[in-house]
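Student:
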Amino acid sequence: MAPALASAPVFDGTPTNPTEEAVEAALGLYREHACDGLVAIGGGSPIDLAKGVALLATHDGPLETYAAILGGIPKVTAVVAPVIAIPTTSGTGSEVGRAALITLKDGRKLGFISPHLIPRLAICDPELTLGLPAWLTAATGMDAITHCIETYLSPRENPPAEAIALDGLRRAVGFIERAVKDGTDREARKEMMMAALQGGLTFQKGLGAVHALSHPLGGLKEVSLHHGTLNAVLLPAVLRFNAPDAQAKYAEIRKVLGLAPETDLADWIAALVARLGMPASLSAMALPHGVIPAVAEAATKDHSSATNPRAATAADYAAMLEASF
Numbered sequence: 005m006a007p008a009l010a011s012a013p014v015f016d017g018t019p020t021n022p023t024e025e026a027v028e029a030a031l032g033l034y035r036e037h038a039c040d041g042l043v044a045i046g047g048g049s050p051i052d053l054a055k056g057v058a059l060l061a062t063h064d065g066p067l068e069t070y071a072a073i074l075g076g077i078p079k080v081t082a083v084v085a086p087v088i089a090i091p092t093t094s095g096t097g098s099e100v101g102r103a104a105l106i107t108l109k110d111g112r113k114l115g116f117i118s119p120h121l122i123p124r125l126a127i128c129d130p131e132l133t134l135g136l137p138a139w140l141t142a143a144t145g146m147d148a149i150t151h152c153i154e155t156y157l158s159p160r161e162n163p164p165a166e167a168i169a170l171d172g173l174r175r176a177v178g179f180i181e182r183a184v185k186d187g188t189d190r191e192a193r194k195e196m197m198m199a200a201l202q203g204g205l206t207f208q209k210g211l212g213a214v215h216a217l218s219h220p221l222g223g224l225k226e227v228s229l230h231h232g233t234l235n236a237v238l239l240p241a242v243l244r245f246n247a248p249d250a251q252a253k254y255a256e257i258r259k260v261l262g263l264a265p266e267t268d269l270a271d272w273i274a275a276l277v278a279r280l281g282m283p284a285s286l287s288a289m290a291l292p293h294g295v296i297p298a299v300a301e302a303a304t305k306d307h308s309s310a311t312n313p314r315a316a317t318a319a320d321y322a323a324m325l326e327a328s329f
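All residue numbers for the sequence shown refer to our numbering, where the first residue is 5 and numbers rise by one.
#1: Apart from the five residues just before and just after residue 89, which ones in its own chain have a Cβ nearer than 6 Å to its Cβ?
#2: In whole angstroms, what separates the C-alpha of residue 76 from that of residue 269?
#3: Are there 16 or more other CB atoms within 10 angstroms of the CB of residue 230, so buried, or fewer, so exposed?
#4: Any Cβ of chain D within less than 8 Å of the Cβ of residue 171?
#5: How would you call residue 306, buried or exposed, if buried means at least 16 neighbouring beta carbons within 10 angstroms?
#6: With DSSP as the reference, label residue 4 as helix, strand or coil.
#7: Are the CB atoms of residue 154 and residue 280 within a distance shorter than 8 Å?
#8: Which value, in whole angstroms, describes the spacing of the CA atoms of residue 218 and residue 49?
#9: On the three-state DSSP scale, how would you describe residue 56?
#10: Give a yes or no on whether the C-beta atoms belonging to residue 13 and residue 53 are separated by under 8 Å.
#11: For a test of the three-state rule: what should DSSP assign to residue 311, helix, strand or coil?
#12: Given 8 Å as the limit, is there contact between the region 252-264 and the region 292-311, that is, 3 or more CB pairs closer than that?
#13: Would the region 134-148 and the region 167-180 be scored as touching if the rule is three or more Cβ pairs under 8 Å?
This is the structure in structure tokens:
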């Protein structure tokens, strides 16, 4: 592949959370060189950015026309430019996922969802993750864990996807601490990459309140917040909120993870996050407290809110944010 790409232009301006401005900048490079496809190398951000470029390279703008929450799903057609995804982290699952999350110029972080956005080819080589720092291994790994938990808990019925989610969760929980402790542990890196891929395969079930909150939080201009770290911090509070409506599935998760029946899943996840050396709260991530009302309101409009196992109001989301603060 390297010789074939030797003359290809390179866009290396992807921000931590991909933005509409970055999509437009990369699109300009794509058109300047008359490209006919994209190779996305990196974590979920460059892969999502590539999906945005692939969409606008073949569809008239503006980008928000194709946002899922704005009715854009049927507007995305099969003529999307081809994307090859080569992940170098083990977390987002975007390499096999049908969604891209992009922050628009007005600050809204919206999802763009279509089977036509799934990369034509995903090259998943765990060797590419051997140099990943411990903190990023933990953050992306917790993203994969959150994906597997939320897709499993989604009320949409899809037994094959649920089986994949549970197996991915088992792998991620079983190997994340090894991968964080020793980044050269090839078995742990392989299992984490598979878990991330499995989480991505289950996205058709939808996610939940963790992502409904982390999406608008990730779009804030006041502070740059890592998506996987946000999910790790928010997951315990969301698990407590969902507990009344998800007891049967919580019991199955405990069984898959080999936990005692009386184990409190929220407390168990919080303890795992602590062992990984991750921030324990939103305040530790330097989130301004004053944004809570706006973020809570935005969460009710996020596409992931619709597939949370328990309906949540803006007040509910505000309470989850306060509990995570």
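The C-beta atom is built at its ideal place from N, Cα and C for all residues, glycine as well.
Nothing here was measured: the structure is a model prediction, and the numbers come from that model.
Tutor: Let me lay it out:
#1: 44, 51, 99, 123 and 126
#2: Looking at the backbone, the Cα of residue 76 and that of residue 269 are separated by about 36 Å.
#3: buried
#4: The structure shown has no chain D; it contains just one protein chain.
#5: buried
#6: For residue 4 there is no data in the structure shown, the boundaries of the chain being 5 and 329.
#7: Contact annotation: residue 280 and residue 154 have beta-carbon atoms that are not nearer than 8 Å.
#8: 14 Å
#9: helix
#10: no
#11: If DSSP states are grouped into helix, strand and coil, residue 311 belongs with the helices.
#12: no
#13: Touching, yes.
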